[in-house]
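*Asks:* The listed protein sequences correspond, in order, to chains A and B. FYI, in the numbering used here the residues of the first sequence are 1 to 300. FYI, in the numbering used here the residues of the second sequence are 1 to 409. Even glycine gets a Cβ: it sits at the ideal position worked out from N, Cα and C.
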Amino acid sequence: MTGTLILQGVASGLVTGSVYALIALSLVIVFKSTEVINFAGGEFVMLGAYVAMFFLVLLGLPYIIVVPVVALIVFCIGAAFDRVILDRVLGRHRPGQSIMVAMVIATVGLSFAFKGTVRLFRVSDNVRTLPPIFSTDPVFLGQVVLSRQDIAIFVIAVAVMVLLFSFFQFTKLGRALRATSENPRAATLVGIPVRRMRTLIWGIAAALSAVAGVLVAPKLLVSPDMGGVIILAFAAAIIGGFTNVLGVIVGGVVLGVIENLVGLFVSSKAIAIAPFIVIILILMVRPQGLFGGAAPIKKV
Amino acid sequence: MTIVRHTTKAAIIATAVALASNAQAFDPSAGTGKYTDPGITDKEIVIGLHAPLSGRLKGFGFDALYAAKAWYDMINKRGGVWGRKIRVIVADDKCSPTELVAVQKKFVTVDKVFLLHGGSCTHSAVAAQEYVTRNKVPYVMLNASGDSAVFPPTRYVFGAFGGSQRTVGGTIVDFAVRALKAKRIAYIAHDDNYGASNSAAGAFMAKKLGAEMVAVEKVSRKIVDVTAPVLKVRAARADVLIITTYTGPAALIVKKAHALGLKIPIVAAVQAVPIPALFAKNVGNPAAFTNFYYGSPLNDLTRGPKQQWIINMYKAAYPDRKPNPFMAYGVPSAQAVVYALMMAGPNPTRESFIDAMSKVNFNTGILAGPIELGEKKRDGHNASIFVKFDGKNHARMKGVYFNQYRGQN
Numbered sequence: 001m002t003g004t005l006i007l008q009g010v011a012s013g014l015v016t017g018s019v020y021a022l023i024a025l026s027l028v029i030v031f032k033s034t035e036v037i038n039f040a041g042g043e044f045v046m047l048g049a050y051v052a053m054f055f056l057v058l059l060g061l062p063y064i065i066v067v068p069v070v071a072l073i074v075f076c077i078g079a080a081f082d083r084v085i086l087d088r089v090l091g092r093h094r095p096g097q098s099i100m101v102a103m104v105i106a107t108v109g110l111s112f113a114f115k116g117t118v119r120l121f122r123v124s125d126n127v128r129t130l131p132p133i134f135s136t137d138p139v140f141l142g143q144v145v146l147s148r149q150d151i152a153i154f155v156i157a158v159a160v161m162v163l164l165f166s167f168f169q170f171t172k173l174g175r176a177l178r179a180t181s182e183n184p185r186a187a188t189l190v191g192i193p194v195r196r197m198r199t200l201i202w203g204i205a206a207a208l209s210a211v212a213g214v215l216v217a218p219k220l221l222v223s224p225d226m227g228g229v230i231i232l233a234f235a236a237a238i239i240g241g242f243t244n245v246l247g248v249i250v251g252g253v254v255l256g257v258i259e260n261l262v263g264l265f266v267s268s269k270a271i272a273i274a275p276f277i278v279i280i281l282i283l284m285v286r287p288q289g290l291f292g293g294a295a296p297i298k299k300v
Numbered sequence: 001m002t003i004v005r006h007t008t009k010a011a012i013i014a015t016a017v018a019l020a021s022n023a024q025a026f027d028p029s030a031g032t033g034k035y036t037d038p039g040i041t042d043k044e045i046v047i048g049l050h051a052p053l054s055g056r057l058k059g060f061g062f063d064a065l066y067a068a069k070a071w072y073d074m075i076n077k078r079g080g081v082w083g084r085k086i087r088v089i090v091a092d093d094k095c096s097p098t099e100l101v102a103v104q105k106k107f108v109t110v111d112k113v114f115l116l117h118g119g120s121c122t123h124s125a126v127a128a129q130e131y132v133t134r135n136k137v138p139y140v141m142l143n144a145s146g147d148s149a150v151f152p153p154t155r156y157v158f159g160a161f162g163g164s165q166r167t168v169g170g171t172i173v174d175f176a177v178r179a180l181k182a183k184r185i186a187y188i189a190h191d192d193n194y195g196a197s198n199s200a201a202g203a204f205m206a207k208k209l210g211a212e213m214v215a216v217e218k219v220s221r222k223i224v225d226v227t228a229p230v231l232k233v234r235a236a237r238a239d240v241l242i243i244t245t246y247t248g249p250a251a252l253i254v255k256k257a258h259a260l261g262l263k264i265p266i267v268a269a270v271q272a273v274p275i276p277a278l279f280a281k282n283v284g285n286p287a288a289f290t291n292f293y294y295g296s297p298l299n300d301l302t303r304g305p306k307q308q309w310i311i312n313m314y315k316a317a318y319p320d321r322k323p324n325p326f327m328a329y330g331v332p333s334a335q336a337v338v339y340a341l342m343m344a345g346p347n348p349t350r351e352s353f354i355d356a357m358s359k360v361n362f363n364t365g366i367l368a369g370p371i372e373l374g375e376k377k378r379d380g381h382n383a384s385i386f387v388k389f390d391g392k393n394h395a396r397m398k399g400v401y402f403n404q405y406r407g408q409n
């Protein structure tokens, strides 16, 4: 009986954790490239879910069209935020002053702006969901039960991560982005348009969050406050290491599983605090995260 | 004319309406012209009416407040109370504790109201307790359940006109045991004051009725993955699952219970299913509603025949608005205020109004049970009905179910 419970908890944790990992990835790629912690990451998730709701429910379009369209729209919003806001914040930066606080405040402001804007619409008055991607009927995998929807969420999340990994690893643009994030000054010297790359990163991160929003909507339900899930993404990033993409994925999955095991064997009440206890423990024992480490190339 | 016809019809079943319709029988010139308290003259009595009218919690209060106002307007059309018109001053409390207290201070010090009537959210309504008690101003909550403000009872605060969380927990277990014959109950609530209050009443009623609570799971309002609590419910081999969480987690739990093959009856509290059609959409699978029930403090389905008179009254007052399901919850407290003003006599003071409120006992024609207040009972309503819901169709179950928990062990 206990074995079945553990298996079930792990299986469900993998599904939830894969979505945490996706959101955490969006945080990490921005942080690696710009050294900005994006506190509006959760609101990009929320925005993705609401934009998807517009196309799925009001226009009746299928998921296969909606997901890329949502990613594109939110990509543009993320990129525009960098161009219109962050660029100006950076432009006013004087040598010797810390730019970090201003950048972080800009993302916090963006998160409030997104939430406030969504609340202007009546659709946000009640908690809602998106139409199911697949049926929520149970599927038995041995003694473990998942829904088709859960399996779809996991598969899509993993597929998006693989696509992202391939993009960064095997395409010219992806390599340029990595070069920008690892050493912007050296990247500039070899002719990479760093400013444009930074905008691209913000767009990709926003799009990634939006896709996560579409995936997490059936698990979290859609409301203006659903961006609060970003706290769990931060936890995932801290567990894995804020600078390690693979570590973040592992961190997300570990977090999803930990939540379930704590709920099963400690208390349902403890689910909410488990991520924070894990964060504190990781920061005490291994502040750089399980997979984080010193950057292989020192900045010039 | 439509309002009068409908409300007159309702008066047959509602003592409050009957009293209101008799208002003209009282002598309009009975007032002495000497009043010790502010907000009352020979011609009018002033009430400060507040609720969230903007912001994300507006849905809880907007229609409820305007329904209460429509009730006062109807009383005025019939001659008022003891010949006095009720003048209502409306303000937005945003469901924020600081805003609510600020609104009340303005009502009391600037507008000089006789009494305060408002509040749709417990956490903000509770914040008012200290101020109204210190200033000895009667405060009647609009539709907040307000457990922490009415338990333990204090002299100047009345609330829970739609039922407290004790009512929610007690009545839901009463239904599970008496109607569904449950012996082993699993219970999922929030890990906050709400959950503590309703689960304490639930546990008391289960013990009293000879049932056993085999699993009590307390979850965060922000829970994402409900696998663990649902698995524990399944492992406990319960024969009914009770859910008293808010609607978001409740939808996730119902969805997960179906996904994990849990086939026992599920009974959800009113806060879990505020809008049943939307709840069904959020769960997303009709098969999850094979054996599903939800509770309601009303005397009928939200749009059922017994609720029509109040819907008609609202529509007649505000023809351009479509009332949401919280609308009807605003009226019982307004009925209680009018009832107590009448019982307080032609020259009421704030203290005599409080004394009259303490004797309120009437059927609203809206709620499942009567509004009963007392010297040591400041929570208004203690009953629920239950509805079987298959995701589309609603069928009211027989009977009215009561909570007997009053904080005893």
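Does any C-beta atom of chain A lie closer than 8 angstroms to the C-beta of K398(B)?
*Replies:* no
*Asks:* On the CB-based measure, 16 or more other CB atoms within 10 Å of its CB, does E35(A) come out buried or exposed?
*Replies:* exposed
*Asks:* Could you check whether the region 225 to 237 of chain B touches the region 190 to 207 of chain B, counting it as contact only if at least three pairs of C-beta atoms, one from each stretch, sit closer than 8 angstroms?
*Replies:* By the Cβ rule, the region 225 to 237 of chain B does not count as touching the region 190 to 207 of chain B, because fewer than three pairs are nearer than 8 angstroms.
*Asks:* Give me, in chain order, the residues of the same chain whose beta-carbon lies closer than 7 angstroms to that of V300(A); leave out the 5 immediate sequence neighbours on both sides.
*Replies:* Reliability fails at V300(A), whose pLDDT of 48 lies under 50, so the model's placement of it is uncertain and the value that follows must be treated cautiously. So the list reads N183, R185 and A186, once near-sequence residues are dropped.
*Asks:* What did DSSP end up calling Y35(B) once you bin it into helix, strand or coil?
*Replies:* coil
*Asks:* Check for me: the beta strand (DSSP E) holding L120(A) runs from which residue to which?
*Replies:* Annotation for L120(A): no beta strand (DSSP E) segment contains it, and DSSP assigns it neither H nor E.
*Asks:* Tell me whether P224(A) is buried or exposed, calling it buried when 16 or more other Cβ atoms sit within 10 Å of its Cβ.
*Replies:* By the neighbour-count criterion, in which a residue is buried when 16 or more other Cβ atoms sit within 10 angstroms of its Cβ, P224(A) is buried.
*Asks:* Could you pull the DSSP bridge partners for I185(B) from this structure?
*Replies:* M213(B) and V240(B)
*Asks:* Kindly indicate which three-state DSSP category I223(B) falls into: helix, strand or coil?
*Replies:* coil
*Asks:* What span of residues does the beta strand (DSSP E) with G295(B) cover, start to end?
*Replies:* F292 to S296
*Asks:* In three-state DSSP terms, what is L116(B)?
*Replies:* strand
*Asks:* To test your reading of the DSSP string, which unbroken alpha helix (DSSP H) runs of 4 or more residues are found completely within the region 28 to 105 of chain B?
*Replies:* 58 to 77
*Asks:* So, with DSSP's three-state summary, where would you put I277(A)?
*Replies:* helix
*Asks:* At the 8 angstroms Cβ level, is P276(B) part of the contact set with chain A, yes or no?
*Replies:* no
*Asks:* Rounded to a whole number of angstroms, what is the C-alpha to C-alpha distance between I133(A) and S147(A)?
*Replies:* 11 angstroms
*Asks:* State buried or exposed for P325(B), treating a residue as buried only when at least 16 other CB atoms are found within 10 Å of its CB.
*Replies:* buried
*Asks:* Among G13(A), V15(A), S181(A) and A80(A), whose alpha-carbon lies nearest the alpha-carbon of A207(A)?
*Replies:* That would be A80(A), whose Cα lies nearest to the Cα of A207(A).
*Asks:* Mind listing the chain A neighbours of K85(B)? Cutoff is C-beta to C-beta under 8 angstroms, in chain order.
*Replies:* Neighbours of K85(B) on chain A: none; closest Cβ ~34 angstroms, over 8 angstroms.
*Asks:* Could you check whether Q165(B) and D191(B) sit closer than 8 angstroms to each other, using their CB atoms as the reference points?
*Replies:* no
*Asks:* With a CB to CB cut of under 8 angstroms and the five nearest residues on each side skipped, what residues in its chain are close to L301(B)?
*Replies:* The residues Q307, V387, H394 and R396, in chain order, have a CB closer than 8 angstroms to that of L301(B) in the same chain once the five nearest residues on each side in sequence are set aside.
*Asks:* Where D27(B) and T171(B) are concerned, what is the direct C-alpha to C-alpha distance, given to the nearest angstrom?
*Replies:* The predicted position of D27(B) is uncertain, since its pLDDT is 45 and thus under 50; a value taken from the coordinates is nonetheless stated next. Between D27(B) and T171(B), the C-alpha separation is close to 42 angstroms.
*Asks:* Do we get a CB-CB distance below 8 angstroms when we pair S352(B) with the residues of chain A?
*Replies:* no
*Asks:* So the alpha helix (DSSP H) R396(B) belongs to, where does it begin and stop?
*Replies:* Not the alpha helix (DSSP H): R396(B) falls in the beta strand (DSSP E), residues H394 to R396.
*Asks:* Is the Cβ of R56(B) closer than 8 angstroms to any Cβ of chain A?
*Replies:* yes
*Asks:* Taking C-beta pairs closer than 7 angstroms, name the residues in chain B that L208(A) reaches, listed in chain order.
*Replies:* Result: empty, since nearest Cβ-Cβ is about 18 angstroms, beyond 7 angstroms.
*Asks:* State the beta-bridge partners of L367(B) as determined by DSSP.
*Replies:* L298(B)
*Asks:* What is the DSSP secondary structure of P68(A), reduced to helix, strand or coil?
*Replies:* In the structure shown, P68(A) sits in a helix (DSSP, three-state: H, G or I).
*Asks:* Tell me, to the nearest whole angstrom, how far the beta carbon of G241(A) is from that of Q288(A); I am working on the premise that it is less than 8 angstroms.
*Replies:* 6 angstroms
*Asks:* With respect to the beta strand (DSSP E) encompassing K388(B), which residues constitute its N-terminal and C-terminal limits?
*Replies:* A383 to F389
*Asks:* Quick one: what does DSSP say N361(B) is sitting in, helix, strand or coil?
*Replies:* strand
*Asks:* Can you tell which of G169(B), G80(B) and G162(B) has its C-alpha closest to the C-alpha of Q404(B)?
*Replies:* G169(B)
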